Amino acid sequence: SQTIHQWPATLVQPVGSPLSLECTVEGTSNPNLYWYRQAAGRGLQLLFYSVGIGQISSEVPQNLSASRPQDRQFILSSKKLLLSDSGFYLCAWSVPGTGTLQHFGDGTRLSIL
Amino acid sequence: QKEVEQDPGPLSVPEGAIVSLNCTYSNSAFQYFMWYRQYSRKGPELLMYTYSSGNKEDGRFTAQVDKSSKYISLFIRDSQPSDSATYLCAMSPANQAGTALIFGKGTTLSVSS
Numbered sequence: 002s003q004t005i006h007q008w009p010a011t012l013v014q015p016v017g018s019p020l021s022l023e024c025t026v027e028g029t030s031n032p033n034l035y036w037y038r039q040a041a042g043r044g045l046q047l048l049f050y051s052v053g054i055g056q057i058s059s060e061v062p063q064n065l066s067a068s069r070p071q072d073r074q075f076i077l078s079s080k081k082l083l084l085s086d087s088g089f090y091l092c093a094w095s096v097p098g099t100g101t102l103q104h105f106g107d108g109t110r111l112s113i114l
Numbered sequence: 004q005k006e007v008e009q010d011p012g013p014l015s016v017p018e019g020a021i022v023s024l025n026c027t028y029s030n031s032a033f034q035y036f037m038w039y040r041q042y043s044r045k046g047p048e049l050l051m052y053t054y055s056s057g058n059k060e061d062g063r064f065t066a067q068v069d070k071s072s073k074y075i076s077l078f079i080r081d082s083q084p085s086d087s088a089t090y091l092c093a094m095s096p097a098n099q100a101g102t103a104l105i106f107g108k109g110t111t112l113s114v115s116s
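These protein sequences, in sequence, are chains A and B. By the numbering used here, the letter at position 41 of the first sequence is numbered 42, and the numbering carries on one by one without gaps. By the numbering used here, the letter at position 33 of the second sequence is numbered 36, and the numbering carries on one by one without gaps.
Written out as structure tokens, the structure reads:
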């Protein structure tokens, strides 16, 4: 069966510091991978998606970037965090060639001080 | 008008009650409709998946889609305290890789024993 892992679960960072969140998927090959942000009182917002190694699509302009160095690894990064980057960051995957059945990890709660 | 509207609740019911959760949407191109359950500090878990109009049943859960009214529902029969969570509707116009799901903000449900 497929599993998705995200870490860390919780992170507190000062404004201006860098960020690296990691997501890995097991049990499937060439998954589609997604990064979402869930802010308090707002719905989930798609930030990035990837259909293959090195292929990244950005949905919204922001202070964040994503990379996919390996087939089942997806990384969310920032060089300098802003207060507005606080939120719950969720990674998801879907079967190759499809996009609607997305399965989520347990997220990283990021607080910026 | 927002693409997807969902009453945030909270909705409180006694154990054993029938629960009705609803979303309305404005984009007539939506064809795929999902319901996710999200426990506190966890990622969303896919509950139900429906393509186009109609009903789908899975155990105590029934999903309904009425495309003519742009209205979807999730019914929970014989509700249990373990059903206490936030329920998110999500929808998409296509099933292509990289599809951005459009989420409602979620309805918080509390089932008391």
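No residue lacks a Cβ here, since even glycine has one placed at the ideal position from N, Cα and C. Small disclaimer: the values here were computed from a predicted structure and weren't measured.
- Looking from the CA of G106/A, the closest CA among R40/B, S115/B, L112/B and R80/B belongs to R40/B.
- Judged by DSSP secondary structure, N30/B falls outside any beta strand (DSSP E); it is assigned neither H nor E.
- Ranked by Cα distance from G28/A, the first of Q3/A, Y90/A and F49/A is Q3/A.
- Taken atom to atom, the span from the alpha-carbon of T25/A to that of V13/A is near 21 Å.
- V13/A has S112/A as its beta-bridge partners, per DSSP.
- Interface annotation for the segment 96 to 114 of chain A against chain B: P97, G98, T99, G100, T101, L102, Q103, H104, F105, G106, D107, G108 and R110, criterion Cβ-Cβ distance under 8 Å.
- For G88/A, the enclosing beta strand (DSSP E) begins and ends at G88 to S95.
- Inclusion of G107/B and V7/B in the CB contact set at 8 Å is warranted, their separation being smaller than that value.
- If you ignore the 5 residues before and after P13/B, its C-beta comes within less than 7 Å of the C-beta of T111 and S113, all in its own chain and listed in chain order.
- Taking the beta carbon of G57/B as reference, no residue of chain A falls within 9 Å; the closest one sits roughly 16 Å away.
- Taking a C-beta distance under 8 Å as the contact criterion, L82/A and S18/A qualify as a contact pair.
- Comparing C-alpha distances from S66/A to each of I5/A, L22/A and V16/A shows the shortest one belongs to L22/A.
- According to DSSP, residue pairing for N33/A in a beta bridge involves S95/A.
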